[in-house]
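K.L.:
Here's a structure for you.
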Amino acid sequence: MTNVIVFFSDDRSARGLAGAAAKLGGDTRAIRIDGYQIEETLAALAEACRGAEVVLLANDAYSQELAPRLAHRLGGACAGDGSGVQRVDGRIRVTRQVYGGKAEAVLELKRSPAVVWLRARSFDAGVLPDTVEVLASHDSAASSGTRIVERHVSETATTKLEDANVIVAGGRGIGGPEGFREELQPLAELLGAQLAASRAACDAGWVPPTWQVGQTGKKVAPQLYLAIAITGASQHMAGISEAKTIAAINIDPDAPIFRHARFGVVDDYRKVVPLLRQKLAKP
Amino acid sequence: MNILVCMKQILDPEVPARDFRIDPVQKEAEPGSASLVTNIFCENALETALQLKERTGGATITALSFGPESAEETLRKALAMKADSAALVLDDGRLARHPLNVARVLAAAIRRLGTFELILTGREAGDWGAGQTGALLAEELGIPYVAFADALETSGAQLRIRRQTEAGFERIEARLPLVVTITNDEHNVPRIPKVRDVMMAHRQTLTRFELAELHVAGDDYYEVVDLAVPKKETRCEFVDVEELARRIAEITAAL
Amino acid sequence: MNANATREIYWNVSHVWVMYLLLLPALAIGAWGLWRRVQRWRRGKAEGGRFDRPAMRIRRVLEHALAQRRTARDAYAGLFHRFLTYGFIVLTIATIVVALDADFGTSIMRGAFYLYFQSFAVDLFGALVLIAVGMAAVRRYGSRPKKLVYTDEAGLLLLAIFVIALTGFLVEAWRIEATNDPWRAWSPFGSALGRASAMLLSADAMHTAHRVLWWLHLAGSFAFLAWLPYTKLRHVVTAPLNIYTARLEPIGASLKPVDFEQERLGVANLADFTWKDRLDFDACTECGRCTAVCPAHAVGKKLSPRDLILQLRDTPEGAAVLTGAAAPEPLWECTTCAACVEACPVFIEQMPKIVDMRRHLVMEQADYPETMQAAILSLEKRGHPFAGTQATRLDWTAGLDVQHVGSAPDAEVLLWVGCGGSLIERNQKVTRATAQLLQKAGVRFAILGRDEKCSGDPARRIGNEFLFELLAKDNIATLGKHAVRNVITPCPHCFNTFKNEYPKYGGTFEVFHHSEYLEKLASDGKLNAPPKDEVTLHDPCYLGRQNGVYDAPRAISGATIEMERSRSRSFCCGGGGGMSFVEEPSDQRVNQERANEAVATGAKTLATSCPFCMSMMEDGLRGRMQVKDISELMLGAN
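Protein chains in written order, with the numbering used here: chain A, 568 to 850; chain B, 120 to 374; chain C, 26 to 663.
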């Protein structure tokens, strides 16, 4: 019985995967991928994972891109965005949110290997095996069809949202990029927090898409998530289900966000945030 | 260039939580009063295709859906947005709608429809959100795959792709044919069709396939063993700004 | 003694045939000008239902063209405008009488008629015309109200009227003086002017001057006649025509269905307007009352119905119209409150034209405000306009025993809740209050619950007629399935749609706004009306101005204080026409203006009877005053 964990440069994810693998029992191999190129990496990884019963990946873009195809090539089955994984009667079961976070499903994978991508950072950290295999992709642009030619790291994403202890997030109610710049950013600086946004604010172009938290954005797990002018649709809540404390500022007392928040202020954020900064700035 | 966009009709993800019910036997959401809508990422994909067509000219766009009769509405909307043609594979319920089965059905239909250089899907659907169909479709068709793209442009025989990652974005150069999944971005918010075009779309003919005629072998890739609505509502304590500041300071001090 | 009273026609004037020679070209030029306008109307698209019920139409012409009831709402302008109208009517009749006696051998102009009418009335009304010109000049060049249009034409017209009236007076005066008219006492102003002139002019000079001035007066009058159809004064013809052909139904019924087979949906070009629209343009008197009452204009937005109509009037045949005053930006500021329609003294229908142009922007160009798009998308997908709401259509029923119409075959009336009444939390309380009152009164009612969809009002006002029709037909089919006949609704927008719009799609219902129904229950003794209190009432546009329901909400709200603008002149909350889905700039909010007006009454409570007004007023008041629906006020007394 062999589990393979596959990861990129993110150590926290790798330890989360190791933790998940340990609970499944059996041996664990670890593969770190260097120099990702889609087709080459996939081919090499399929080769490297042959014979494995479980392949665990994290929920980063590369892992999600690889996992279903890897399962297909290995004749296995795949499930993703798992918040839990367990072995029941020799079969792998994956727990995941569905219907935009309104429901939770348990899927049983019917074929082996089970290729699963997990919300790795929310798993208890485990210990990586002593040897980590490194898979470096070959530079064979001519044959592979696709080539990543530029990797652009957004300035605002230098500290990962997923790592943040405190997140200040804004939604459609912020009304425009100025609100983020003039109200939320100074507040975030004061708190040493990362900035995030709902899909509505990203789609409006007020902030970059890397800020998006939710079902189809980042899944975050801060100690404090301060949701400002965010209604709290289930798709957004699906991204913050691991947050320890949610606090909300919203002008609408009936906003669903208050059904998830530990505490909240009902008022216009334009009034609350300046006052809040003032109070927090006082020693 | 022939572009094919896969589009899925789903239960309205915005259905209020209080109206959301689960059928414990079928392990599906109950349709109840919720409406059926086009998955937003599929619309983002169509919008991206339309923009590519507008920039390059000479492309044709085909919308393809696998679903029940009602999925015709999704295709009519695609035509109203100015897809050139549309095809429906009528789901007879014979196959579990798991990503691998869906990918096989789509691949079979695509082979019947012609040759396509570019195949787009949404990154995932707002119902089950498996996020696998595009990738499995690439495998079924035996062509390369790129995920999470938000902008496409042609450059000679190549396709230049911008795609989102956790850290920012990447640029990818790709040869065709290719499967790409599309994610949302401020530039691919689906256009509102003109009412004139909505009316025209209802007069266009759709290509229709019965599932049986595509001869797809089902393969139960996974099984849903449990589906439940988690109960977790917190009682919110409403406070004033001063108290909010105090609570926040408490939490941040403990970090 | 007076039986022979008369005067010599054409005294001191020879070569009278020259007058007819001059009259022909004057009439020809005038007629040509008018004919050109008529041709312009005839090039418009067909529009029916403008000539039925002639008796009602004639009554309306008498009331508004002759008695000028709307014009008189501005007391000062109303006064001088009547002087001018009646002066011109009297003087024209007098001229015709002269022509009849001179050329057709009648002898009307003698005796009592000569003295009372031809002498005294003509003299008096001539003087009133001069006074009116003075009053108009003081207004136009002294107080300069903002609503007027300051054109050279307007000044020249005043001057022309002044010159014609003055020369007429002098001719009269000098004849009286020179002939020492025995009946001069019957022309007091002319007589006095004659005596005064005699101090300056010798008898001979007066003789000559009379002859010259007679011809000048005649030439001036004829020139004026020729010029008139080329100026805003063409309204002496177009206004009565326009009033005659005006819609007889309430304003709420004024949107036209769209023929989806035509080549262009909505209005983008002058060619898309109907003959009646074009007559409307030509009826405009430039008085500016529409813009003066426009809520969007009042808060500093670009919309000006007056400028829009004038621009359309001057648009050349075949030209595009969606620019300037009819550019998309002002069009998207309209709340469709119809204050403009109600204010227009010549019955121009401004608001429906705005909706016609919106229809083009929405249906042909898909170019309209994003937040309205979100509302439309939500209507398409979910049958309600509130994108992202987590409320359901049944939330308000919690704890109440309310039946779905399908399981209540003995229900006498359907409570049509509306999206606002079910999906906006504040209004859920209103719906509950209404249901509780009906229960207390023993009314057997049922609801459609989840089967209810938006009536289509916002879709229609935003300009998506296609979606409106889908929703209307859907709802009519649902209601038909349950054989619903009687409907109560707490939403004036739904009320208007049911009452005025569904019949065109085969849905005929007896529909009551909840204020009407509750008032009826109160007067039947089944419910108590609340006691009089320090309550002021906001009239929803779609209930009051657009459907004429003013008294029912007053009777059951205990309202005792009126706002400055109330009843038919009520000021919009800012939420109609899809505007409740638009975030207005913070310094240009219609609801702020209305909220301030409510606060200024000093009342304790603002009563309203519309879910959109409720939201807009609560937002505008921000706790300065409580807002209650009439049903909530009534529930307190039961």
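Glycine included, every Cβ here is placed at the ideal spot set by N, Cα and C.
Using a C-beta to C-beta distance shorter than 9 Å, which residues of chain B count as neighbours of residue 387 of chain C?
P.N.:
Counting from one through the third sequence, the residue named residue 387 of chain C turns up at place 362. Those within 9 Å of residue 387 of chain C in chain B are 311, 313, 314.
K.L.:
Whole angstroms is fine: what's the gap from residue 732 of chain A's alpha carbon to residue 760 of chain A's?
P.N.:
To locate residue 732 of chain A, count along the first sequence from 1; it is residue 165. To locate residue 760 of chain A, count along the first sequence from 1; it is residue 193. Straight-line Cα distance between these residues: approximately 7 Å.
K.L.:
Could you name the residues of the same chain whose beta carbon sits closer than 7 Å to that of residue 531 of chain C, not counting the 5 residues immediately before and after it, in chain order?
P.N.:
The residue you call residue 531 of chain C lines up with position 506 of the third sequence. 501, listed in sequence order.
K.L.:
On a CA-only basis, which of C/620, C/370, C/123, C/431 is nearest residue 651 of chain C? Give me that one, please.
P.N.:
For this step, residue 651 of chain C is matched to residue 626 along the third sequence. Among C/620, C/370, C/123, C/431, the Cα nearest to that of residue 651 of chain C belongs to C/620.
K.L.:
Can you tell me whether residue 170 of chain C is buried or exposed, with buried defined as 16 or more other CB within 10 angstroms of its CB?
P.N.:
Residue numbering aside, residue 170 of chain C sits at position 145 when the third sequence is read from its first letter. Answer is exposed; the Cβ neighbour count stays below 16.
K.L.:
What are the boundary residues of the beta strand (DSSP E) that residue 326 of chain B is part of?
P.N.:
To locate residue 326 of chain B, count along the second sequence from 1; it is residue 207. Element bounds for residue 326 of chain B: 326 to 329.
K.L.:
Where do the N-terminal and C-terminal ends of the alpha helix (DSSP H) with residue 241 of chain B fall, by residue?
P.N.:
Reading the second sequence from its first residue, position 122 is the one you call residue 241 of chain B. Per DSSP, residue 241 of chain B belongs to no alpha helix (DSSP H); it is in the beta strand (DSSP E), 237 to 241.
K.L.:
Our contact map puts residue 757 of chain A next to residue 844 of chain A with C-beta atoms below 8 Å; I'd like the distance itself, whole angstroms only.
P.N.:
Here residue 757 of chain A corresponds to residue number 190 of the first sequence, with the count starting at 1. Here residue 844 of chain A corresponds to residue number 277 of the first sequence, with the count starting at 1. Yes, they are in contact, since the Cβ atoms of residue 757 of chain A and residue 844 of chain A sit about 6 Å apart, within 8 Å.
K.L.:
Got a sec? Which residues, its chain only, sit under 6 Å from residue 611 of chain A by beta carbon, not counting five neighbours each side?
P.N.:
Locating residue 611 of chain A in the first sequence gives position 44, where the first residue counts as 1. The residues are 702.
K.L.:
Quick check on residue 730 of chain A: buried or exposed, where buried means 16 or more other Cβ atoms within 10 Å of its Cβ?
P.N.:
On the first sequence, position 163 is the one that residue 730 of chain A refers to. So residue 730 of chain A counts as exposed.
K.L.:
Would a C-beta distance cut-off of 8 Å place residue 625 of chain A and residue 585 of chain A closer than the cut-off?
P.N.:
Translated into positions along the first sequence, residue 625 of chain A becomes position 58. Translated into positions along the first sequence, residue 585 of chain A becomes position 18. No, Cβ-Cβ distance for residue 625 of chain A and residue 585 of chain A is not below 8 Å.
K.L.:
Does the Cβ-Cβ distance between residue 357 of chain B and residue 740 of chain A come in under 8 Å?
P.N.:
As a first step, residue 357 of chain B must be located in the second sequence, where it is residue number 238. As a first step, residue 740 of chain A must be located in the first sequence, where it is residue number 173. In this structure, residue 740 of chain A does not lie closer than 8 Å to residue 357 of chain B by Cβ.
K.L.:
Quick one, which residues of the region 778 to 796 of chain A are near chain B if we go by CB-CB under 8 Å, in chain order?
P.N.:
Hits within the stretch, in order: 782, 783, 785, 790, 791, 793.
K.L.:
Residues in its own chain within less than 8 Å of residue 570 of chain A by CB, not counting five upstream and five downstream?
P.N.:
Within the first sequence, numbered from 1, the residue matching residue 570 of chain A stands at position 3. Around residue 570 of chain A: 588, 591, 593, 594, 595, 596, 619, 620, 621, 622, 623.
K.L.:
Can you list, in chain order, the residues of its chain with a C-beta nearer than 6 Å to that of residue 330 of chain C? Leave out the 5 residues immediately preceding and following it.
P.N.:
The count along the third sequence starts at 1 and reaches residue 330 of chain C at position 305. Here the set comprises 315, 316, 319, 365, 375.
K.L.:
Looking at the structure shown, is residue 101 of chain C part of a helix, part of a strand, or coil, going by DSSP?
P.N.:
Along the third sequence, one-based indexing puts residue 101 of chain C at 76. The answer is helix: DSSP assigns residue 101 of chain C an H, G or I state.
K.L.:
Going by DSSP, what residue range makes up the alpha helix (DSSP H) through residue 521 of chain C?
P.N.:
Residue mapping note: residue 521 of chain C aligns to position 496 of the third sequence, counting from 1. Unbroken alpha helix (DSSP H) run through residue 521 of chain C: 517 to 521.
K.L.:
Do residue 667 of chain A and residue 132 of chain B come within 8 Å of each other at the CB atom, strictly closer than that value?
P.N.:
Locating residue 132 of chain B in the second sequence gives position 13, counting from the first residue. Locating residue 667 of chain A in the first sequence gives position 100, counting from the first residue. Cβ distance < 8 Å, so residue 132 of chain B and residue 667 of chain A count as in contact.
K.L.:
Cβ closer than 8 Å: which chain B residues qualify as neighbours of residue 271 of chain C?
P.N.:
Within the third sequence, numbered from 1, the residue matching residue 271 of chain C stands at position 246. Per Cβ cutoff of 8 Å: no residues; residue 271 of chain C is ~30 Å from chain B at best.
K.L.:
Have a look at residue 306 of chain B and residue 264 of chain B and give me their C-alpha separation to the nearest angstrom.
P.N.:
For this step, residue 306 of chain B is matched to residue 187 along the second sequence. For this step, residue 264 of chain B is matched to residue 145 along the second sequence. Going from the Cα of residue 306 of chain B to the Cα of residue 264 of chain B covers about 22 Å.
K.L.:
Using a Cβ-based criterion (distance less than 7 Å to any ligand heavy atom), does residue 61 of chain C qualify as near the ligand ADP?
P.N.:
Judged by which ligands are present, the structure shown has none, so any question about the ligand ADP falls away.
K.L.:
Got a sec: is the Cβ-Cβ distance from residue 406 of chain C to anything in chain B below 8 Å?
P.N.:
Translated into positions along the third sequence, residue 406 of chain C becomes position 381. Yes, residue 406 of chain C lies at the interface with chain B (some Cβ there is under 8 Å from its Cβ).
K.L.:
Within the region 288 to 371 of chain B, note down every full alpha helix (DSSP H) run reaching 4 residues or more, in order along the chain.
P.N.:
Within the region 288 to 371 of chain B, the complete alpha helix (DSSP H) runs of at least 4 residues are 314 to 320.
K.L.:
The alpha helix (DSSP H) that contains residue 207 of chain B, what's its start and end?
P.N.:
Position 88 of the second sequence, counting from 1, holds the residue named residue 207 of chain B. Not the alpha helix (DSSP H): residue 207 of chain B falls in the beta strand (DSSP E), residues 204 to 209.
K.L.:
Between which two residues does the alpha helix (DSSP H) containing residue 57 of chain C stretch?
P.N.:
Walking along the third sequence from the start, residue 57 of chain C turns up at place 32. Residues 42 to 67.
K.L.:
Pairing CB atoms from the region 585 to 596 of chain C with CB atoms from the region 300 to 308 of chain C, are three or more of them under 8 Å?
P.N.:
Counting Cβ pairs under 8 Å, fewer than three are found: no touch.
K.L.:
Using a Cβ-Cβ distance under 8 Å, would residue 136 of chain B count as near chain C?
P.N.:
Within the second sequence, the letter at position 17 stands for residue 136 of chain B. Cβ-Cβ to chain C under 8 Å: yes for residue 136 of chain B.
K.L.:
Assuming residue 126 of chain B contacts residue 184 of chain B (C-beta within less than 8 Å), just tell me the rounded distance between them.
P.N.:
Your numbering for residue 126 of chain B matches position 7 in the second sequence. Your numbering for residue 184 of chain B matches position 65 in the second sequence. Right, their Cβ atoms sit about 5 Å apart.
K.L.:
Out of A/649, A/715, A/613, A/849, state which residue places its alpha-carbon closest to the alpha-carbon of residue 641 of chain A.
P.N.:
As a working note, residue 641 of chain A is residue 74 in the first sequence. Here the closest residue by C-alpha is A/613.
K.L.:
DSSP on residue 524 of chain C, reduced to helix/strand/coil?
P.N.:
Taking the first residue of the third sequence as position 1, residue 524 of chain C is located at position 499. Note: residue 524 of chain C maps to helix in three-state DSSP.
K.L.:
Return the chain-ordered list of same chain residues with a C-beta closer than 8 Å to the C-beta of residue 71 of chain C, the five sequence neighbours on each side being excluded.
P.N.:
Here residue 71 of chain C refers to the residue found at position 46 of the third sequence. Here the set comprises 299, 300.
K.L.:
Considering only DSSP beta bridges, list what residue 125 of chain B is partnered with.
P.N.:
Locating residue 125 of chain B in the second sequence gives position 6, counting from the first residue. Looking at the DSSP assignment, residue 125 of chain B forms a beta bridge with B/183.
K.L.:
Could you give the distance in angstroms between the alpha-carbon of residue 370 of chain B and the alpha-carbon of residue 663 of chain A?
P.N.:
Within the second sequence, residue 370 of chain B is the residue found at index 251, counting from 1. Within the first sequence, residue 663 of chain A is the residue found at index 96, counting from 1. Approximately 29 Å, taken between the alpha carbons.
K.L.:
Please state if the CB of residue 90 of chain C and the CB of residue 268 of chain C are separated by a distance shorter than 8 Å.
P.N.:
Residue 268 of chain C sits at position 243 when you count from the first residue of the third sequence. Residue 90 of chain C sits at position 65 when you count from the first residue of the third sequence. Cβ atoms of residue 268 of chain C and residue 90 of chain C: closer than 8 Å.
K.L.:
Strictly under 8 Å for the Cβ-Cβ distance: is residue 132 of chain B near chain A by that measure?
P.N.:
By one-based count along the second sequence, residue 132 of chain B stands at place 13. Taking Cβ atoms only, chain A reaches closer than 8 Å to residue 132 of chain B, which makes this a yes.
K.L.:
Are the region 507 to 521 of chain C and the region 435 to 448 of chain C touching, with three or more C-beta to C-beta distances below 8 Å?
P.N.:
Output reads yes: the region 435 to 448 of chain C touches the region 507 to 521 of chain C.
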